[in-house]
Structures are given as structure tokens and as C-alpha cells.
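Residue numbers (the working numbering): 14 to 431.
Ideal Cβ positions, reconstructed from N, Cα and C, are used throughout, including at glycine.
Only a predicted model underlies this, so the values are computations on that prediction, with no experimental measurement involved.
Structure first, commentary second.
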Amino acid sequence: MKTLNVIVAGGGIGGLSLALSLHQAGIAVRVYEAVRDPGPLGVGINLQPTGVRELTELGLGTALEETGIATRRLNLCNKFGQLIHAECRGLEAGYRWPQFSIHRGELQRLLLRAVRDRLGDQNLLTGLKLTGFEQNGNRVNVLFADSQSGSDQIVKADILVGADGIHSAVRNQLFPTEGAPRFAKQMLWRAAVEAEPFLGGQTMVIAGHFHQRIIVYPIARRRNGKTLINWICQKTVSDQAPPREDWNRRVAKEEVQTAFGGWQFPWLDLPRVIEQSPDIYEFPLVDRDPVAAWSFGRVTLLGDAAHPMQPIGGQAGSQAIVDARALTRALVETDDPVAALGRYDAERRPAMNDIILRNRNFGPEAAMQLAEERAPNGFARIEEVISRQELDGIVGSFTRAAGLDVETVNNRPSYVSK
Ligand SMILES: Cc1cc2nc3c(=O)[nH]c(=O)nc-3n(C[C@H](O)[C@H](O)[C@H](O)COP(=O)(O)OP(=O)(O)OC[C@H]3O[C@@H](n4cnc5c(N)ncnc54)[C@H](O)[C@@H]3O)c2cc1C
């Protein structure tokens, strides 16, 4: 049992996973979350087998199964819904753990419940926003503002982890000249809506091309036989100034229908799905440039605070969870906390920086752009447009480079032994 005292700023997917992980390893931890009453915000998120493995080893496998959908297949299609490439996902692809598509808010709720049950309410403090920190010898003094009373409080810790998302205050203090996130000149319109299951009920589809596409997948089963589906319409907006990223900003249905109202697929009536969506949220496609260090003495970064990335390949949530496990292992196996944070940084940062840059290149979906360029009016047989070899080259390279291949995920030792 280590006698460390860790403070985590941010009770999102990464911060809560870290709290559960440190607790499992016997390390004292407290989470400070800016939002007073975290509600089930967001729409769909994907957890890849690498992240699901870690949550399963934290005893949350059954809860995930009951909440999300085990995705079995990914279809890449053109804008007419014609199939370009299909691949197996999760268990079907040979992983020992499924890929789960799940409502982000429900996932956060599930993690919050586990943190409260295991660590107690006294170790999950909400309505407290980190506003600064100061390293003083072998302590960190962390400053929090209380959202209700407006008063400030200073909390002392051995280690501070900034898991406070894309607008991380911890990162901002470490990199004060960094500025706003980098806008990729595309907007994402996202919603979750009840609908009839499509393509067997466990398939994720990405259809369209670089400048306009839709990502759609089921995230929960309903008792009435319907599914809750998540859809994201993504569109190039080359002349638009970047709006401030806000996960809760709504957009008018008409704007989405104007751009995507003509997209009818044999397997999904998209205009109808858009029409029936209760709330549609707008979010710019953003990331940040990789940084040269996450760990500075007794302070480090995790999840989106460390590596905000474009959502290509659905990696952000999973990688935040793996960060949490790698950091836990470093703290368990390294006596000096400063050296432990350095080890975590050296282990995780190069791979995450690589994913940030790779995701800017469109990842496996590059095949869709190729199909659009070569056959803008559709095709009779995809083999006449893109060869099998070309397709395999595009799709396979991303998975291997990111260390997400079946062998690596299945055979690596556990980060934290129980
Ligand atoms: C409200 C919300 C909705 C989202 N919806 C989606 C979605 O639908 N689909 C998707 O793929 N991804 C979504 N994301 C992003 C996704 O959760 C992350 O990309 C990924 O899970 C990595 O998680 P994270 O814990 O690093 O960051 P996040 O999940 O963003 O969590 C960061 C947490 O830190 C808190 N915080 C911020 N600043 C401070 C501060 N100064 N002090 C203390 N706490 C602070 C935030 O309130 C938040 O709870 C959403 C994020 C948020 C915050």
C-alpha cells in the first residue's frame, strides 16, 4: 500500500477511471469535478477492446454489457450507402473483449456510481473548479473555486493529475501560450434518437466522403424492440470561423436537413431520423498539437487534457482509460512519484502524439474518399473502383501503428494486478 495522496482534477471518463484504478491499487485519491451535479451529458461514444479490457479488470464488464451495445461490424460506405469495406469489430474480430458503443452520459454515470460506492462520496467533490496550482518542494498546492459560494480553497497533494478535458486548466498553466484548439474546418452535428434497429442492430456505419459524411451506430437497446441510435453528420465548413467547443450547444434541425436531407440509404431513412431527433448538438472538429511533455515534477496530464484528438477511429475515451491504467502501474511500481510520472509520460505520450497526427490524415476512412474521387456517382462492384490490396493497406496500417491490433491487446500483461 502506497501512502501517496493523489488529486484528480476532472470527473470525466478519464478522471473517474483513474480514481477507480488507483483505489484498486490501494492509492488514496480524490476527484474534484467542476460541474456540481454531473448529468448524463453527451451522445454516443465508442470504447475499443483495449479500453473495455481495463474497465472489465476494474469489475465493470457486466455493467457495460447491460448499458451499451457490443458492436460486431463496421461498414464503410459511399454517400449512397453502397458498401465499400466491412470489417469485424470487438469479439467478432478475435479480441477477447468487445467493442462497446454506449451513451457517453450513461458511461459517466456508471463510473460515477462505482466511484461513489467504492471510494465514498467524500472522495468525489463536485462544483469545484481547478483554477491553478503551485509546486512546493514535495507537495502540490491546488487551488479550487467553489461554483456555488464563489469561495476559493487550497488543497495539498503529493500528485496532481489534470484530467480536465480539452479546455484543461492544468494544461493551460503548463503551456500558457498554447491558445485555442486547432479547428479542422469541419462541423459535427450529433444526436441520439430511438429508431428501428438497422443492419442487425450491432453495426456501425460510416458513409460519405471527406467533406461530408455520416457516422451512425446503436448505443442502447430499448424494451419496445427499438434501439437508441447515435448519429453524427460531419461537414466541411471552409469559410467559417471556429466556434467555441461546447458539448451542449444545440443546432437547428433545418440546418442539418439542408445539408443531409437528401441522404437516403437502403438500410436507414436518414432524413426521418434527423426529423425525429429531439436535440441536435453542434461541435467543431478540433484537436491540439502534440506537446513535448505531460509530466512536470508532481503534476501530469491524462485523457483529452493530454492528447485531445479528432474522433477518427473512436479512440478518445478508450485511450483516456488506458492512460489511467498506465499511470496507476507507474505509481505502483516506481517508488519516487516524480520518476513514476516521468515513466508514464515516456510510455504513453509518443503513441498518443502519433494518433493525434494520424487522425488528421483521415485514418481508415481514407477508403471512402478514394471511392468518392473515383466513382462519385456510385459503383456496381467496389473491386472495379478500389482493389482489395489497396483497401487492406489503408485500413490495416492504422490499427497496427496504434498498437490496437488483436495480438497486442489480447496478449499484453494486465497493467494492474489484482
Ligand atoms: C459534457 C461532455 C460531453 C461529451 N460528449 C461526448 C460525446 O457525445 N461523444 C464523444 O465521443 N465524446 C464526448 N465527450 C468527450 C469525451 O468524453 C472525451 O473525449 C473522452 O472520453 C476523454 O475523456 P476525458 O475524461 O479526458 O475528458 P472529458 O470526458 O471531457 O472530461 C473532463 C471533465 O473535466 C471537468 N473539468 C473541466 N475543467 C475542469 C476544471 N478546471 N476543474 C475541475 N474539473 C474540470 C469537465 O466538467 C469534465 O467532467 C464529451 C465530453 C464532455 C465534457
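Any non-hydrogen atom of ligand 3 within 7 Å of residue i CB
i	result
D165	No copy of ligand 3 occurs in the structure displayed; its ligands are ligand 1 alone.
Beta-carbon proximity check, residue i vs residue j, cutoff 8 Å
i	j	result
Q328	L298	no
E67	Y357	no
L29	F113	no
A1	G175	Lying outside 14 to 431, the shown extent of the chain, residue 1 is not represented and no answer is given.
V155	I20	yes
F273	L283	yes
V218	V286	no
W202	C246	yes
R129	L137	yes
Q161	G140	yes
P53	R122	yes
W110	T84	no
I26	L173	no
P350	D171	yes
L143	A182	yes
Near ligand 1: residue i beta-carbon under 7 Å from a heavy atom
i	result
P231	no
R356	no
R117	yes
H224	no
G23	yes
R262	no
L54	yes
V48	yes
L87	no
G316	yes
H98	no
G64	no
P194	no
D177	yes
I58	yes
K248	no
Chain C within 8 Å of residue i, Cβ atoms only
i	result
D130	Among the chains in the structure shown there is no chain C, since it carries only a single protein chain.
Reduced DSSP secondary structure (H/G/I, E/B, other) of residue i
i	result
P350	helix
N91	coil
N243	strand
H36	helix
T63	helix
T84	strand
R373	coil
G103	helix
Y45	strand
Y230	strand
I58	strand
V250	coil
G238	coil
A384	helix
*What beta strand (DSSP E) runs, 3 residues minimum, are completely inside the segment 259 to 336?*
294 to 300 and 312 to 314
*Let me know the alpha helix (DSSP H) ranges lying completely inside the segment 132 to 216, each 4 residues or longer, listed in chain order.*
182 to 187
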